[in-house]
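Oh and the sequence shown: position 144 is 144 in the UniProt record's numbering, straight run, nothing missing.
A virtual CB, placed ideally from N, CA and C, is assigned to each residue, including glycine.
A short write-up of the structure that comes next.
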Amino acid sequence: MKHQELFRGKVKIAKVGKHKIRLETDKERNKPYVYRIPEALKEKVDSQIVELLELDLIEESSAEIAHPVVCVNKKDGSMRMCVDYRTLNSITKADDFPMEDAVQLLQCIGKASVITTLDLLKGYWAIPMEEDSRDLTSFKTHRAQYRFKVMPFGLRNAAATFQREMNKALEIALPLTELTKKKVPENLPWSKVHETAFNTLKEALVKAPALHAPDMSQPFIIHTDASQLGIAACLSQKILGSLRPIAYVSQKLSKSQQAWSTIEREAYAIVWSLKKFETLVFGSEIELYTDHNPLSYLTKCAPQSARLQRWVFALQKYHITVRHCPGVKMPHADALSRLFPDE
C-alpha cells in the first residue's frame, strides 16, 4: 500500500501540547472507593496493563490517591479497562474551549460529492500529560498502582484539549480550505503555498488528534421510554442553547420482560440505556427524563420489588437526576420503543 508508513499499528505520542489538570482551590480532594476486580477479569486486566507498559503509556505511581479500575465488556466479547475519574472530575476546573457543532458540520458537507473520514488510533493517548498532572491520573489494580504518561479517557477536560490541538494542527490547511469556496475559478490557482500546505498536512495527519465526539466536559441528557413491546433511549447534549442528539438506541423486550409491570419496564429502560451509553456518560452529570412519574422517586425511595432494588443499586455509580417528562414532549424515544412487530 502506498504511504503505508502513515498507518501505524501502535499508538505513538504526537508532538503536540500537553494536557494539564487544574484543580479547584476551594474543594477538598477525597479518596475514592477502589472496587474489587472480579477474579474472572484479573487476567484480562493484567494483560492490558502489560500492553500499556510496553507502549510506554503508563508508569508505576506512588501517589497518595489512586482511582478505581472499571471493567467494561465490549460488543465483540472483549473487555476494556477504564478508570473511574469521577471524584477527580468533580474538583477539576472546567476548560470551556469552544467545540464545533456536529449538526452544522453535517449541513456544510450536505452538497459535497466526495467526503473523507479519518480515525485516529486511540487518539487521546497521542497527547502527553503534563508532568505535574500525572500523579492525578493514578489508578490502582489488584497488583499495583500506576499513572498515565498520556491523556487517558474519562478526564473532564480531555475533549477540550483534544479539540484545541486539532485546531492547531489544521491551521496549516487554511490555504486549501480557501480553495473550496464558491467563487474559486475552475482552474485552481495552485501555488507553492498550496503545495506546502498539502504536503505538511499529509505529515500532520499522523500527529494531530482528530475529534468527532461529544463534549465530555458538559452534562448529558437521556430520554427513555418503554412500551409493551420494547424500550428505547436518546442521548443528547445542549449545544449552543439547543438540544442536539448524539445517539439513539432501542431493543425489543422478551416475552418474559413484556410481562413486567409498567414501572419495571420503564426502570429497565433507564438501566439498559445507561449501560449502552456508559462509555460516554460514565463520570459525567446526567439528566434522565422518563414519562413514568413514579420513576422520578426511584433513587430516593426504597423499592418493594427485588428487581427494582437491584437496579437502584446499579444506578448508584452514575451521577443522575431523574425527572418526569410527558411522553408527548419526547416523541423520539416514544416512537423508537414501539417500532417492533407484535409477533
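Span separating the alpha-carbon of residue i from that of residue j
{"i": "residue 344", "j": "Asp-95", "result": "Because the chain in this structure spans residues 1 to 343, residue 344 falls outside the shown range and cannot be described."}
{"i": "Thr-224", "j": "Pro-245", "result": "13 Å"}
{"i": "Tyr-33", "j": "Asp-84", "result": "10 Å"}
{"i": "Asp-342", "j": "Ile-263", "result": "With a pLDDT of 48 at Asp-342, under the threshold of 50, the modelled position of this residue cannot be trusted; read the value that follows with caution. If I take the Cα positions, the gap works out to 21 Å."}
{"i": "Leu-41", "j": "Ser-113", "result": "47 Å"}
{"i": "Asp-132", "j": "Ile-115", "result": "41 Å"}
{"i": "Gly-230", "j": "Ser-250", "result": "7 Å"}
{"i": "Ala-226", "j": "Gln-237", "result": "21 Å"}
{"i": "Val-281", "j": "Leu-120", "result": "21 Å"}
{"i": "Glu-195", "j": "Ser-217", "result": "37 Å"}
{"i": "Arg-80", "j": "Lys-192", "result": "46 Å"}
{"i": "Ala-314", "j": "Arg-134", "result": "30 Å"}
{"i": "Lys-255", "j": "Ala-269", "result": "16 Å"}
{"i": "Ala-197", "j": "Arg-164", "result": "19 Å"}
{"i": "Val-328", "j": "Lys-252", "result": "21 Å"}
{"i": "His-292", "j": "Ser-261", "result": "12 Å"}
{"i": "Cys-108", "j": "Glu-100", "result": "12 Å"}
{"i": "Asp-334", "j": "Ala-232", "result": "7 Å"}
{"i": "Met-129", "j": "Ile-21", "result": "9 Å"}
{"i": "Ser-273", "j": "Ile-222", "result": "8 Å"}
{"i": "Glu-278", "j": "Gln-145", "result": "24 Å"}
{"i": "His-142", "j": "Val-69", "result": "9 Å"}
{"i": "Lys-258", "j": "Lys-276", "result": "Looking at the sequence itself, residue 258 is Gln, so the reference to Lys does not match. Distance between the alpha carbons of Gln-258 and Lys-276 is about 20 Å."}
{"i": "Pro-219", "j": "Leu-288", "result": "11 Å"}
{"i": "Gln-228", "j": "Arg-338", "result": "8 Å"}
{"i": "Lys-74", "j": "Trp-190", "result": "47 Å"}
{"i": "Asp-26", "j": "Thr-200", "result": "45 Å"}
{"i": "Ser-305", "j": "Arg-265", "result": "13 Å"}
{"i": "Pro-38", "j": "Val-45", "result": "10 Å"}
{"i": "Pro-209", "j": "Ala-158", "result": "Because Pro-209 sits at a pLDDT of 34, beneath the cut-off of 50, its placement in the model cannot be relied upon, and the following sentence gives the value as read from the coordinates. Distance between the alpha carbons of Pro-209 and Ala-158: 12 Å."}
Assigned secondary structure, residue i (DSSP; H/G/I helix, E/B strand, else coil)
{"i": "Leu-240", "result": "coil"}
{"i": "Phe-97", "result": "coil"}
{"i": "Val-83", "result": "strand"}
{"i": "Ile-286", "result": "strand"}
{"i": "Phe-148", "result": "strand"}
{"i": "Pro-189", "result": "coil"}
{"i": "Leu-253", "result": "coil"}
{"i": "Lys-12", "result": "coil"}
{"i": "Thr-92", "result": "strand"}
{"i": "Pro-214", "result": "coil"}
{"i": "Glu-280", "result": "Checking the displayed sequence, the identity of residue 280 turns out to be Leu instead of Glu. Reduced to three states, the DSSP call for Leu-280 is helix."}
{"i": "Pro-32", "result": "coil"}
{"i": "Thr-196", "result": "helix"}
{"i": "Leu-176", "result": "helix"}
{"i": "Thr-161", "result": "helix"}
{"i": "Pro-156", "result": "It should be pointed out that residue 156 corresponds to Arg in this sequence rather than to Pro. Coil."}
{"i": "Val-114", "result": "coil"}
{"i": "Val-328", "result": "helix"}
Option nearest residue i by Cα separation, candidates the options
{"i": "Asn-30", "options": "Glu-64, Glu-60, Arg-36", "result": "Glu-64"}
{"i": "Thr-117", "options": "Ala-126, Tyr-124, Leu-106, Ile-127", "result": "Leu-106"}
{"i": "His-19", "options": "Phe-148, Lys-238, Gln-237, Arg-338", "result": "Phe-148"}
{"i": "Leu-57", "options": "Asp-26, Asn-89, Val-11, Pro-68", "result": "Val-11"}
{"i": "Thr-161", "options": "Trp-311, Leu-315, Val-16", "result": "Val-16"}
{"i": "Arg-156", "options": "Asn-89, Leu-336, Leu-288, Val-70", "result": "Asn-89"}
{"i": "Lys-140", "options": "Gln-316, Gln-309, Tyr-35, Arg-310", "result": "Tyr-35"}
{"i": "Asp-215", "options": "Leu-23, Leu-240, Pro-326", "result": "Leu-240"}
{"i": "Val-103", "options": "Trp-190, Leu-243, Tyr-124, Ala-158", "result": "Leu-243"}
{"i": "Thr-290", "options": "Ser-305, Glu-43, Cys-325, Val-312", "result": "Cys-325"}
{"i": "Arg-310", "options": "Trp-125, Val-271, Gly-283", "result": "Val-271"}
{"i": "Ser-284", "options": "Arg-86, Phe-97, Leu-336, Tyr-248", "result": "Arg-86"}
{"i": "Ala-126", "options": "Ile-13, Leu-308, Val-72", "result": "Ile-13"}
{"i": "residue 422", "options": "Cys-82, Cys-234, Val-50", "result": "Shown here, the chain extends from 1 to 343; a query on residue 422 therefore has no answer."}
{"i": "Cys-71", "options": "Gln-48, Val-322, Lys-122, Glu-60", "result": "Gln-48"}
Start and end residues, beta strand (DSSP E) containing residue i
{"i": "residue 370", "result": "The requested residue 370 does not occur in the structure, where the chain is confined to residues 1 to 343."}
{"i": "His-324", "result": "319 to 324"}
{"i": "residue 377", "result": "Any question about residue 377 goes unanswered here, given that the chain covers just 1 to 343."}
Enclosing alpha helix (DSSP H) for residue i [first to last residue]
{"i": "Val-45", "result": "39 to 54"}
{"i": "Asp-76", "result": "Neither: Asp-76 is in no alpha helix (DSSP H) and is coded neither H nor E."}
{"i": "His-19", "result": "From DSSP, His-19 is part of no alpha helix (DSSP H); its letter is neither H nor E."}
{"i": "Ser-273", "result": "262 to 276"}
{"i": "His-332", "result": "331 to 336"}
{"i": "Phe-313", "result": "306 to 315"}
{"i": "Ala-102", "result": "102 to 108"}
For residue i: DSSP bridge partner residues
{"i": "Cys-234", "result": "His-223, Tyr-248"}
{"i": "Phe-139", "result": "His-67, Tyr-146"}
{"i": "Val-72", "result": "Arg-80"}
{"i": "Met-166", "result": "Paired residue(s): none; Met-166 is not in a bridge."}
{"i": "Pro-128", "result": "Val-150"}
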